[in-house]
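Working notes for the structure below.
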Amino acid sequence: MEDFLTKDQITPTDEDVDDIMRRKALDEQRMEEQKKFYEIARKRAAELDIYMEEFRREIVERNGLTTLFKEIREKETIGDLSIQYRKFAEWLRIEIAATIYHLFLAEDNSPELFAQAKRIHSLIPYTVMKNVIRIANPAAVMSGVLDIFLAQPFGTRSLMQRIFTLTLNDGIRSFQKSIDSLAAKIGDQVLVDKLKRYTESEEHVKIAIREESVNEDIDLIVVILRSEYLEPQLTSEQIGRLYNAYVAFNNAVENVDEELRQGAQLFSYLKQLLKLFTRQHDKARMLQLIEEPVTLQLFRDLFTIFYEPLVRVYK
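With UniProt numbering as the guide, the letters of the sequence shown map in order to residues 1 to 315.
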């Protein structure tokens, strides 16, 4: 820890200092706003607790949902609702606001998530949805909304497929940036390629490699990189480097030697790289699944299962 904090010290430039101060001020402002927001939300939620308990009790009683939908249908505005329903709407507004704040302002990746949300927002045809929602029949409304998201005009991708594709591709690109950074630190493209081939291999190959790892009580990384199931094969020098890194990693706490510390760091990079390749591959597989026609029908069936009971209650 002392070496980490004191080794290779640098003197920041004036631009670096200004950037540090800006980031520090922004973090302090964000933390202060977060404290204020959560304090306001906590006080408001505490005030609503008594009404929420009454609302929950009414919902679980006989015909609770029927009463709720009847009131929503008969009243024009939220202000016209019964007191417990008005308080529930207020509680719901607080929860939604807290979620939006947490996602788009409070997290480190909030700017990226907000940019992604804006791109998805640009894809949604709100005017068309507005015209569909005007229909009085709730069953027709749900069917129309599903058609907007799941229709494939002239055999092209549906709106839902486009949204999922946009989101998944953003995730794949993000993983690729981290993978490229780790690959540069590892400095051996053969090791990188072999880990990638493992994530892309057939399931029976993965099972055989995992079983070998368990049976021999050796880390999965070592078994993957030495495996004959996957190309390319390592040279004796690469195998020696791998085993030295594995030993150094297992004894990282006791190691003070610089060479052993570098070996432990290398093995740590390899483990991180395997996780990134696995997650990237999972997103790529999900992307393929979204493109399947049967997936759209599955979405439609699932939505139908959920909204049909609500339609019956509404009627």
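We put the CB at the ideal spot given by N, CA and C, even for glycine.
- For Lys196, the enclosing alpha helix (DSSP H) has its first and last residue at 189 to 200.
- CA-to-CA, the gap between Phe299 and Ser158 works out to about 12 Å.
- The Cβ atoms of Gln280 and Gln176 lie closer than 8 Å to each other.
- 8 Å or more divides the Cβ of Thr199 from the Cβ of Thr295.
- Looking from the CA of Phe249, the closest CA among Arg261, Leu273, Glu90 belongs to Arg261.
- When C-beta atoms of the region 50 to 58 are compared with those of the region 17 to 32, fewer than three pairs fall below 8 Å, so the two segments do not count as touching.
- Sixteen is the threshold: when 16 or more other Cβ atoms of the shown chains lie within 10 Å of the Cβ of Leu273, as they do, the residue is buried.
- Gln189 counts as exposed, since fewer than 16 other C-beta atoms from the protein chains shown sit within 10 angstroms of its C-beta.
- In the structure shown, Gln9 falls within a coil segment according to DSSP collapsed to helix, strand and coil.
- At the C-beta level, Thr165 and Ile290 come within 8 Å of one another.
- Just measuring C-alpha positions, the residue of Asp3, Ile59, Lys275, Lys70 sitting nearest Ile179 is Lys275.
- In the displayed model, Leu220 falls within a helix according to three-state DSSP.
- Ranking Val205, Glu216, Ala264 by CA distance to the CA of Glu228 puts Val205 first.
- Restricting attention to Lys43, Asp257, Arg241, the CA atom closest to the CA of Leu270 is found in Arg241.
- Around the C-beta of Ala151, fewer than 16 other C-beta atoms lie within 10 Å, and the residue is accordingly described as exposed.
- In this structure, DSSP gives Gln288 a helical state, which the three-state scheme calls helix.
- Below 8 Å, too few C-beta pairs join the region 74 to 83 and the region 5 to 20 to call them touching: fewer than three.
- Within 10 angstroms of the beta-carbon of Leu123 lie fewer than 16 other beta-carbons, which makes it exposed.
- If you check the CB distance, Ala284 and Leu266 do not come in under 8 Å.
- For Glu28, the secondary structure class from DSSP, reduced to helix, strand or coil, is helix.
- Between Arg197 and Glu231, the gap from beta carbon to beta carbon is short of 8 Å.
- Counting along the chain, Lys118 sits inside the alpha helix (DSSP H) bounded by residues 110 to 123.
- For Phe69, the enclosing alpha helix (DSSP H) covers residues 64 to 74.
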